[in-house]
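I have placed the structure first, in the form of structure tokens, so that the comments after it can refer back to it.
2 protein chains.
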Amino acid sequence: MATVKNRKRQSGAPLHLGEGANPSSEVVHFGDGAALPLDSGASLTPFSVAYRSYGTLNEDKSNVVLVCHALTGDQYAANKHPVTGKPGWWETMIGPGKPVDTGKYFVLCANVLGGCMGSTGPSSTNPETGKPYGLAFPVITIGDMVRAQMRLLDHLGIDDVFCVIGGSMGGMQVLEMAANHKERVFSAIPIACAARHSSQNIAFHEVGRQAVMADPEWRGGRYLDEKTSPSKGLSVARMAAHITYLSDEALHRKFGRNLQDRSALTYGFDADFQVESYLRHQGSTFVDRFDANAYLYLTRAMDYFDLAADHGGNLAAAFKGTNSRFCIVSFTSDWLFPTEENRAVVQALNAVAANVSFVEIETDGGHDSFLLNEPELFETITGFLSSAARRRGLRFAEAADAVF
Amino acid sequence: MATVKNRKRQSGAPLHLGEGANPSSEVVHFGDGAALPLDSGASLTPFSVAYRSYGTLNEDKSNVVLVCHALTGDQYAANKHPVTGKPGWWETMIGPGKPVDTGKYFVLCANVLGGCMGSTGPSSTNPETGKPYGLAFPVITIGDMVRAQMRLLDHLGIDDVFCVIGGSMGGMQVLEMAANHKERVFSAIPIACAARHSSQNIAFHEVGRQAVMADPEWRGGRYLDEKTSPSKGLSVARMAAHITYLSDEALHRKFGRNLQDRSALTYGFDADFQVESYLRHQGSTFVDRFDANAYLYLTRAMDYFDLAADHGGNLAAAFKGTNSRFCIVSFTSDWLFPTEENRAVVQALNAVAANVSFVEIETDGGHDSFLLNEPELFETITGFLSSAARRRGLRFAEAADAVF
Numbered sequence: 041m042a043t044v045k046n047r048k049r050q051s052g053a054p055l056h057l058g059e060g061a062n063p064s065s066e067v068v069h070f071g072d073g074a075a076l077p078l079d080s081g082a083s084l085t086p087f088s089v090a091y092r093s094y095g096t097l098n099e100d101k102s103n104v105v106l107v108c109h110a111l112t113g114d115q116y117a118a119n120k121h122p123v124t125g126k127p128g129w130w131e132t133m134i135g136p137g138k139p140v141d142t143g144k145y146f147v148l149c150a151n152v153l154g155g156c157m158g159s160t161g162p163s164s165t166n167p168e169t170g171k172p173y174g175l176a177f178p179v180i181t182i183g184d185m186v187r188a189q190m191r192l193l194d195h196l197g198i199d200d201v202f203c204v205i206g207g208s209m210g211g212m213q214v215l216e217m218a219a220n221h222k223e224r225v226f227s228a229i230p231i232a233c234a235a236r237h238s239s240q241n242i243a244f245h246e247v248g249r250q251a252v253m254a255d256p257e258w259r260g261g262r263y264l265d266e267k268t269s270p271s272k273g274l275s276v277a278r279m280a281a282h283i284t285y286l287s288d289e290a291l292h293r294k295f296g297r298n299l300q301d302r303s304a305l306t307y308g309f310d311a312d313f314q315v316e317s318y319l320r321h322q323g324s325t326f327v328d329r330f331d332a333n334a335y336l337y338l339t340r341a342m343d344y345f346d347l348a349a350d351h352g353g354n355l356a357a358a359f360k361g362t363n364s365r366f367c368i369v370s371f372t373s374d375w376l377f378p379t380e381e382n383r384a385v386v387q388a389l390n391a392v393a394a395n396v397s398f399v400e401i402e403t404d405g406g407h408d409s410f411l412l413n414e415p416e417l418f419e420t421i422t423g424f425l426s427s428a429a430r431r432r433g434l435r436f437a438e439a440a441d442a443v444f
Numbered sequence: 041m042a043t044v045k046n047r048k049r050q051s052g053a054p055l056h057l058g059e060g061a062n063p064s065s066e067v068v069h070f071g072d073g074a075a076l077p078l079d080s081g082a083s084l085t086p087f088s089v090a091y092r093s094y095g096t097l098n099e100d101k102s103n104v105v106l107v108c109h110a111l112t113g114d115q116y117a118a119n120k121h122p123v124t125g126k127p128g129w130w131e132t133m134i135g136p137g138k139p140v141d142t143g144k145y146f147v148l149c150a151n152v153l154g155g156c157m158g159s160t161g162p163s164s165t166n167p168e169t170g171k172p173y174g175l176a177f178p179v180i181t182i183g184d185m186v187r188a189q190m191r192l193l194d195h196l197g198i199d200d201v202f203c204v205i206g207g208s209m210g211g212m213q214v215l216e217m218a219a220n221h222k223e224r225v226f227s228a229i230p231i232a233c234a235a236r237h238s239s240q241n242i243a244f245h246e247v248g249r250q251a252v253m254a255d256p257e258w259r260g261g262r263y264l265d266e267k268t269s270p271s272k273g274l275s276v277a278r279m280a281a282h283i284t285y286l287s288d289e290a291l292h293r294k295f296g297r298n299l300q301d302r303s304a305l306t307y308g309f310d311a312d313f314q315v316e317s318y319l320r321h322q323g324s325t326f327v328d329r330f331d332a333n334a335y336l337y338l339t340r341a342m343d344y345f346d347l348a349a350d351h352g353g354n355l356a357a358a359f360k361g362t363n364s365r366f367c368i369v370s371f372t373s374d375w376l377f378p379t380e381e382n383r384a385v386v387q388a389l390n391a392v393a394a395n396v397s398f399v400e401i402e403t404d405g406g407h408d409s410f411l412l413n414e415p416e417l418f419e420t421i422t423g424f425l426s427s428a429a430r431r432r433g434l435r436f437a438e439a440a441d442a443v444f
């Protein structure tokens, strides 16, 4: 962490900016004539989609697993992160012999539209001004993110995916793709998500946005151009959000009221408690790898998500005609996307007689459980994918098949 | 509200400052020779306790109900607030014929030590410098707050209280008084609280403090002296906290995904959703009536609260020897101080064979239920107080006695 901070101070600019302009991953540029129509009515041109792949695409391109990342994730799902140097955010899930087995599947993960790791977002250059978009970037939706990913599939000549999988905002993309690009989805695994963002979740996001916008260094979104950094505001936003990703039980188990490197209360405002120190760390490291405006745009996209809205509030209608196989996963201690929200998706799918299985996993890990070492999650994904693979007639080399 | 805002702009200083220096309520000044010893080891001198009373003290001073306010409350429990012009924060509970019946009881409510409505706090003048204390104010505890209230009772010649009652941080004071000033408590009603602040609650408080401190106008706590105002940071802190006072269900019931004065999404960062508009209002009105440093100090006092800590972690030991009658109240949808936390107090009291009743009230109102129109809460308090009054041999005029 110290090294990271030093690097930031030396360069004078957040570390992720280099990645945003010139990602370590593959990137596809869609130029004029390939404008992306957006739900707002605007269209975006040019735009880029940065992505990473893992494993090998088979001959008939039938083994694609599209991984959709969450709010602050990116395309580096299963390899070292180019900014933080940490392992990929889903290395527990993706890799040789892992549930999403790169010995079997061709795994694709794209940075979302509106993000800051190489796909076009508010920190990208606005062709009309030659400066970073800032708030001139159009507000995007989960539908727009998925539309950009479909362009990536087109570019790679992939008609459909064997599976689309993701948690949280990633799960929203899974649901969006399954509902609005049905023919491209053989199977879908939305984890810890909802078909619409709740009032409480909108409220927490709004607090985060207000924290960013309250930072005078945000400068109405023009901080990149003005060479300032709303890192304090973004750090507060991350701290507030981070609490919602955990559970009361997990916080109690991990930290309780334990003191941080001291034997008694100091009667001051330093981080006396471990949980304070932990949160401050979460906030301060986040700002090195994430763009404040991207945080505004992506939280807004989640807030706007309401899959049933285009169907008169009837969620089942959104899935009518689906031939995809679904595996819905929720976690008992997830209070951000509680089981009821996930169950509402199951009920909608049942109402259109879709092929759906539903697993609620008992854990105290909270919303972030989909990123943690949760054996029941791994077993669930492994089993579902194996079954779906048999159904699709996928054939794998023997060694890979025997891993689980 | 508009008037309030105009007044603030005209004066150039937060409205509460006048109240802090010269409260509309009674105020007792404790001068040299009456220094208040604090849990930190420091002592405070001089100090003031501002309070309001309602009803009439009987001849033997046996009908005192001490009301302890919550984090952002004050002494104006049952009369118009001098800054906001709104009704007192507990007018549902306190008044003629109400559960805490001012026709029967002499109700006392003091602004807590560390507050900003007339009792000594960080916005008070530091006698050593002639300037506002700011961060030179000593960190105080719930124990210190109660100690200041005991001085007020001494000053008024009140040996003991018929009842001490309060919710949230007020409930913590109730527990503190019942544990550490046992002989002064005939009965106690701690509502929606806990004998120690949880890791999650410390975490939320830390976010709020960081939001305040991240505001460059906070100026290391010297904003009053430097004539700035960390209102943006304090507003964000209030917004985050406010979400925790409600429940997911209540937010869904009140706001859902309803839009604010518009028929469609605007694809921007204005408050599209009612819940956003509501939260922004909560944040912006709060800063007119509350001092940012007081917010830091009072949240810190709550974080430090751990009644069992002085008894080797044995909560029952804190109550050993109590002769008080207890009524513990929790709310099903309160996720900040969930029923289990309240039940832990009940169990500790049972372990020392205390006289305790416990009511968990079914409501979707969340933590703030103690401030809302909750008939079961009113019935509970009325019944408990009537029973306790009979036990104490209190006699009331017939009319008042017949109200319930």
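Chains as they are written, first to last, in my numbering: chain A, 41 to 444; chain B, 41 to 444.
Beta carbons are placed, not taken as given, at the ideal position from N, Cα and C, and that holds for glycine.
| Item | Value |
| --- | --- |
| Tell me which same chain residues have a C-beta within less than 8 Å of the C-beta of I401(A), skipping the five on either side of it? | V369, S370, F371, T372, S409, E414, E416, L417, T420 |
| Return helix, strand or coil for G260(A), following the three-state DSSP convention. | helix |
| Check whether the region 295 to 308 of chain B touches the region 137 to 146 of chain B, counting contact only when three or more Cβ pairs, one atom from each stretch, lie closer than 8 Å. | no |
| Would you say the region 102 to 110 of chain B touches the region 161 to 168 of chain B, given that touching needs at least three Cβ pairs under 8 Å? | no |
| Return the residues of the region 329 to 345 of chain A that lie within a Cβ-Cβ distance of less than 8 Å from chain B, sorted by chain order. | L336, R340, D343, Y344 |
| Return the bridge partner residues of A228(B) from the DSSP annotation. | V204(B), F366(B) |
| Among the candidates V386(B), D114(B), D100(B), V68(B), whose CA atom is the shortest distance from the CA of F330(B)? | D114(B) |
| Following the continuous beta strand (DSSP E) through E400(B), name the residue where it begins and the one where it ends. | 395 to 401 |
| Which residue or residues does DSSP assign as beta-bridge partners of C149(A)? | R92(A), V107(A) |
| Taking C-beta to C-beta, are I182(A) and Y337(A) nearer than 8 Å? | no |
| Note the first and the last residue of the continuous alpha helix (DSSP H) segment covering E59(B). | 56 to 61 |
| For M157(B), which residues in the same chain have their Cβ closer than 7 Å to its Cβ, ignoring the five residues on either side in sequence? | H56, E59, G60, P63, A90, D114, Q115, N151 |
| Would you decide whether N363(A) is buried or exposed? Buried here means 16 or more other CB atoms lie within 10 Å of its CB. | exposed |
| In chain order, what residues of the same chain lie with their CB nearer than 7 Å to the CB of R278(B), ignoring the 5 residues before and after it? | Q322, G323, F326 |
| What does the alpha-carbon distance come out to for the pair L411(A) and G273(B)? | 31 Å |
| Which partner residues does L84(B) have in the DSSP bridge list? | L76(B) |
| Apply the 10 Å Cβ neighbour rule to D265(A) and answer buried if 16 or more other Cβ atoms are within range, or exposed otherwise. | exposed |
| Can you tell me the Cα-Cα spacing of A341(B) and P86(B), whole angstroms? | 20 Å |
| Can you tell which of R435(A), K267(A), F436(A) has the C-alpha that lies nearest to the C-alpha of K171(A)? | K267(A) |
| I want to verify the contact list: residues of chain B whose CB lies under 7 Å from the CB of K272(A), in sequence order. | A254 |
| State the CB to CB distance for the pair F202(A) and S102(A), rounded to an integer number of angstroms; the pair is presumed to be in contact (CB under 8 Å). | 6 Å |
| For I453(A), which residues does DSSP report across the bridge? | Nothing in the structure corresponds to residue 453(A), since chain A is present only between 41 and 444. |
| Which of the three DSSP states is assigned to V67(B) in this structure? | strand |
| Apart from the five residues on each side of it in sequence, which residues of its chain come closer than 6 Å, Cβ to Cβ, to S287(A)? | S373, D404, G406 |
| Within 8 Å (strictly less), CB to CB, does V247(A) reach chain B? | yes |
| Going along the chain, which residues of its own chain have a beta-carbon closer than 6 Å to the beta-carbon of L97(B), five neighbours each way excluded? | F146 |
| For G261(B), which residues of its own chain have a beta-carbon under 6 Å away from its beta-carbon, when the five flanking residues on both sides are left out? | G174, L175, N333 |
| Starting from the beta carbon of H292(A), find every residue of chain B whose beta carbon is closer than 8 Å, and list them in chain order. | S238, S239, Q240 |
| Interface residues of chain B around G296(A) at Cβ under 9 Å? | S238, S239 |
| Among all the DSSP beta bridges, which residues are the ones paired with F346(B)? | Sequence inspection shows Asp at residue 346(B); the Phe mentioned does not correspond to that position. Bridge partners of D346(B): R236(B). |
| Measure the alpha-carbon distance for A188(B) versus L76(B) and round it to whole angstroms. | 7 Å |
| Is the distance from the Cβ of F345(A) to the Cβ of M212(A) below 8 Å? | yes |
| Hey, out of I198(A), L78(A), G154(A), F424(A), whose CA is closest to Y335(A)'s CA? | G154(A) |
| Among residues of its own chain, excluding the 5 on either side of K120(A), which ones have a beta-carbon nearer than 8 Å to its beta-carbon? | K126, P127, G128 |
| Could you tell me which chain A residues have their CB closer than 8 Å to the CB of D288(B), listed as they occur along the chain? | S238, S239, Q240, W375, P378 |
| May I ask which residues mark the beginning and end of the alpha helix (DSSP H) holding T325(A)? | 314 to 329 |
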